[in-house]
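The block underneath contains the structure these notes are about, expressed in structure tokens.
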Amino acid sequence: MSKKVIVSILERMGALALSRYLNRHSPLILMYHRVLKHELIPGTYPEIFAEQMAYIKKHFNVINMSQLLMHLEQDNLPERILVLTFDDGHYDFYANAWPVIKQHGLTATLFVTTNFIDQQTWLWPDLLRYLLMNASPCELTFEGLGTVSISTTNLLATWNKLGDFCLELSSEDRNTFIKNMASQLKISIPENPQTPFAPTTWPQISEMINEGLDVGSHSVTHPILSKIKPDQLITELVASKARIREILNVNAIGICYPNGMPVDISPEVREEASKHYQYGVVAYPKKFNAKDLMRIGRIGATNDITKFKVKTSYLSRAENIGEYK
Ligand SMILES: [Zn+2]
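Quick note on numbering: the sequence shown equals residues 1260 to 1584 in this note's numbering.
In structure tokens:
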């Protein structure tokens, strides 16, 4: 029996509704990245995203992270709370996600990487994808990785291999690796991220704030915070918050840890983050605990409405979901 059939039976039996009811006091935080359809970029397709928004509107009280924190402070958290969160700040949030959220009268929290919005930096996974998309078929050799063949038919597998390798490198080594790759491919890296990797702009974010969007920080340059020096850690936390205040006149009360896996959020990172922010969100599922606000778990978005129904009924397994997988 297929998963889809099983879920449809559970749905008819009221099992999903029962599970949602039993968990009604536990807020559910969803984590999205991209809302678009692209062969090399993992994302939720716009038509499936629209279906998901209609579904949650029917079954949940959708609020944003700042509203959640306010309710916790006032000790008046409503039942069936669901929060939509989006990481990084790509243009498709403005073009594809927000119009649907707005149309349903919902809200969301967008965690922005401030140098990315300032068009000063590419997010490295995007840069890898950009190079692969513009490469002619060839073979590349890298120290520590060996030979990688690039052809138009295996781009995703190649991206996975290179991405996994890059994730383990320090940001300096990663930059060197990507520059080396670009030079082997004879591609010059554009200074600003190009479509479909471009960010949404500050004026667009400002426009969405006026329409009810909530904004948090996702650092300045998107490093893994546990891997950088203490003074850099402070800069990533403080300067991103300051930039958001400067441009948007908003007090960002939350930090979304880049990459967000348990190993990326050391006790030192949490300790420093708690000096500047009221909460922190991670990139893996974890039952909500109001006493552990610097480590709020999130459920990864999916491009499958059946899985989405299971996940939003508290029935997903607590598997780890990497940010770029
Ligand atoms: Zn991110």
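No residue lacks a Cβ here, since even glycine has one placed at the ideal position from N, Cα and C.
Predicted, not measured: the structure shown is a model, and the values here were computed from it.
Check	Outcome
Pairwise C-alpha distance: Glu1527 and Leu1382	24 Å
Asp1523 Cβ short of 6 Å to ligand 1 heavy atom set	no
Contact shell at 5 Å, judged by CB to any heavy atom of ligand 3, ordered along the chain	Within the structure as shown, ligand 3 is missing, the only ligands being ligand 1.
Nearest candidate by alpha-carbon position, reference His1481, set Met1553, Leu1472, Glu1531 and Asp1347	Asp1347
Buried versus exposed, by CB contacts within 10 Å (16 or more), Pro1544	buried
Extent of the continuous beta strand (DSSP E) to which Leu1399 belongs	Cys1397 to Phe1401
For Ile1340: DSSP bridge partner residues	Asn1320
Reduced DSSP secondary structure (H/G/I, E/B, other) of Tyr1291	strand
Cβ-Cβ distance between Leu1387 and Asp1351 below 7 Å	no
Buried or exposed (CB count within 10 angstroms, at least 16 for buried), Val1264	exposed
Asp1334, buried or exposed, once every other Cβ within 10 Å from all chains shown has been counted against 16	exposed
Under 7 Å between C-beta atoms of Glu1398 and Ser1408	yes
Check whether Val1540 and Asn1374 have beta carbons under 7 Å apart	no
Thr1344 vs Ala1560 beta-carbon contact at 7 Å	no
Beta-carbon proximity of Ile1555 to Gln1537, cut-off 7 Å	no
Separation of Glu1431 from Val1422, as counted between CA atoms	The amino acid occupying residue 1422 in the given sequence is Gly; Val does not appear at that position. Spanning the two alpha carbons is a distance of roughly 15 Å.
Limits of the unbroken alpha helix (DSSP H) element including Thr1565	Ile1564 to Lys1570
Alpha carbon of Gln1443 to alpha carbon of Leu1287, nearest angstrom	45 Å
Buried versus exposed call for Ser1476 [16 or more other C-beta atoms within 10 Å across all chains shown]	buried
Leu1414 (DSSP reduced to helix, strand or coil)	helix
Contact under 7 Å by Cβ, Tyr1353 with Gln1463	yes
Backbone secondary structure at Ile1555 - three-state DSSP	strand
Beta-carbon proximity list for Lys1420, same chain, < 7 Å, skipping 5 on both sides	Val1407
Per DSSP, cross-strand counterpart(s) of Phe1345	Tyr1291 and Leu1369
C-beta contact flag for Ile1564 and Glu1402 at 7 Å	no
Three-state secondary structure (DSSP) of Pro1476	The displayed chain sequence assigns Ser, not Pro, to residue 1476. Residue state, collapsed to three classes: strand.
Integer-rounded CB distance, given that Asp1473 should sit under 8 Å from Ser1325	5 Å
Every unbroken alpha helix (DSSP H) within the region 1442 to 1498, with a cutoff of 4 residues, ordered by chain	1461 to 1469
Counted within 10 angstroms of its Cβ, other Cβ atoms place Val1522 as buried (16 or more) or exposed	exposed
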